[in-house]
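A.B. asks: My questions will all concern the structure given below.
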């Protein structure tokens with residue numbers, strides 16, 4: 001029996017897996033004909049954003065131009081991208097979202113609720129994880145019914161608070177994730193108090209209810225049941241997402257070009 005030995009990158013012996021990944025990314029960037037600089041938001045924590053940026057080793061300026069368009073490491077986006085194009089070329093695998101929407105569909109909920117379940121974690125999938133309900137709602141607001149974006153916004157807060165009337169308990173997973181003594185921030189509690197008395201409360205609550213049962217890695221799901229629902233309830237701009245001048249067009253462009261210098 002023959003075995004294949006993974007070749008070590010020069011100078012990387014003994015490095016942690018995370019350090020190797022960072023080194024490989026740096027090596028890939030160096031191989032490009034454009035300089036790539038990641039936004040502060042996406043490096044904070046890995047480095048202190050207030051720390052000075054040191055000049056490159058050797059003190060010689062990099063003669064390459066900064067990247068101002070497509071990142072060749074990413075899949076090419078269509079000229080007029082649709083929602084499904086983003087799921088295909090930019091977002092993480094949608095198994096969880098499809099499971100959530102499938103639960104809502106099988107439960108007989110209306111199409112706006114199904115769409116809200118399908119898109120509730122869109123920011124986690126392709127943009128920003130922190131406060132993802134708020135970011136996702138803002139990203140989608142120009143293209144969906146106000147009830148849908150409202151529900152996505154407030155599921156961020158509602159998921160931390162049980163509702164016995166629909167059988168929603170505080171998720172056991174949150175105890176594992178955050179600890180048994182975790183308390184949501186005051187703004188989260190304030191939004192829960194506001195949302196629980198709102199006319200669209202139940203739409204948002206149903207997102208949380210269908211959310212907690214949608215983490216089966218072996219579930220077989222498909223986009224097919226939701227294509228027509230998207231067609232009826234998502235206002236796809238003819239210019240393509242990111243190029244229609246909407247209040248969130250810049251957010252879609254950032255997802256298309258996440259490493260664009262300016």
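In full-length UniProt numbering, the protein residues as written are 1 to 262. In this text, a Cβ means the ideal position worked out from N, Cα and C, and glycines have one as well.
1) Which class does residue 168 belong to by DSSP, given the choice of helix, strand or coil?
2) Rounded to whole angstroms, what is the Cα-Cα separation between residue 194 and residue 141?
3) Can you tell me whether DSSP reads residue 232 as helix, strand or coil?
4) Under 7 Å, do residue 148 and residue 101 count as touching if we go by C-beta distance?
5) Which stretch, first to last residue, makes up the alpha helix (DSSP H) that contains residue 43?
6) To the nearest angstrom, report how far apart residue 90 and residue 121 are at their CA atoms.
7) In this structure, what does DSSP give as the bridge partners for residue 65?
8) Measuring straight from C-alpha to C-alpha, what distance separates residue 165 and residue 188?
9) How many angstroms separate the CA atom of residue 35 from the CA atom of residue 66?
10) Reducing DSSP to helix, strand and coil, say where residue 176 ends up.
11) Pick helix, strand or coil for residue 29, following the three-state DSSP scheme.
12) Would you check if there are 3 or more beta carbon pairs closer than 8 Å linking the stretch 159-179 to the stretch 91-100?
13) Return the residue from the list 83, 88, 68 that minimises the CA-CA distance to residue 76.
14) Who are the Cβ neighbours of residue 126 in its own chain at under 6 Å, not counting the five residues just before and after it?
15) Pick out whichever of 260, 161, 251 has its Cα sitting closest to the Cα of residue 128.
16) For residue 222, collect the residues of the same chain with a Cβ closer than 8 Å to its Cβ; drop the 5 residues on either side in sequence, then sort them by chain order.
17) Would you kindly work out how many angstroms separate the C-alpha atoms of residue 132 and residue 202, rounded to a whole number?
18) Can you tell me the Cα-Cα spacing of residue 51 and residue 57, whole angstroms?
19) Span of the alpha helix (DSSP H) holding residue 88?
20) Could you tell me which of 70, 206, 248 sits nearest to residue 143, measuring between CA atoms?
21) Closer than 6 Å by C-beta to residue 29: which residues in its own chain qualify, once you throw out the five before and the five after it? Chain order, please.
22) Out of 207, 53, 232, 110, which one is the CA nearest neighbour of residue 157?
23) Can you tell me whether residue 152 is buried or exposed, with buried defined as 16 or more other CB within 10 angstroms of its CB?
24) If you compare alpha carbons, which of 61, 210, 245 is closest to residue 104?
C.D. replies: Let me spell this out:
1) The answer is strand: DSSP assigns residue 168 an E or B state.
2) Cα to Cα, the separation comes out at about 19 Å.
3) Residue 232: helix per DSSP, three-state reduction.
4) Contact flag unset, no.
5) It is not in any alpha helix (DSSP H) - residue 43 carries neither H nor E in the DSSP assignment.
6) Per the coordinates, the alpha-carbon of residue 90 lies some 14 Å from the alpha-carbon of residue 121.
7) Paired residue(s): 34.
8) In a straight line, the C-alpha of residue 165 is about 21 Å away from that of residue 188.
9) Those two C-alpha atoms are separated by around 4 Å.
10) In the structure shown, residue 176 falls within a helical segment according to DSSP collapsed to helix, strand and coil.
11) Because residue 29 carries a pLDDT of 49, less than 50, the predicted location of this residue cannot be relied on, and no value is offered for it.
12) The stretch 159-179, when compared against the stretch 91-100, does not touch it at the 8 Å Cβ threshold.
13) If we check each option's Cα against that of residue 76, 88 comes out closest.
14) Result list for residue 126: 90, 91, 255, in chain order.
15) The option with the nearest alpha carbon to residue 128 is 251.
16) The answer, listed in chain order, is 98.
17) The straight-line gap from Cα to Cα measures roughly 19 Å.
18) Their Cα atoms are separated by approximately 17 Å.
19) Membership of residue 88 in the alpha helix (DSSP H) is indicated by the continuous run 83-89.
20) Ranking the options by Cα distance to residue 143, first place goes to 248.
21) Confidence in residue 29 is poor, its pLDDT being 49 and thus under 50, which makes the residue's placement unreliable; the coordinate value appears in the next sentence. The beta carbon of residue 29 is closer than 6 Å to those of 36 in its chain, skipping five residues each way along the sequence.
22) Nearest C-alpha to residue 157: 207.
23) Within a 10 Å sphere around the beta-carbon of residue 152 sit 16 or more other beta-carbons, which makes this residue buried.
24) It is 210.
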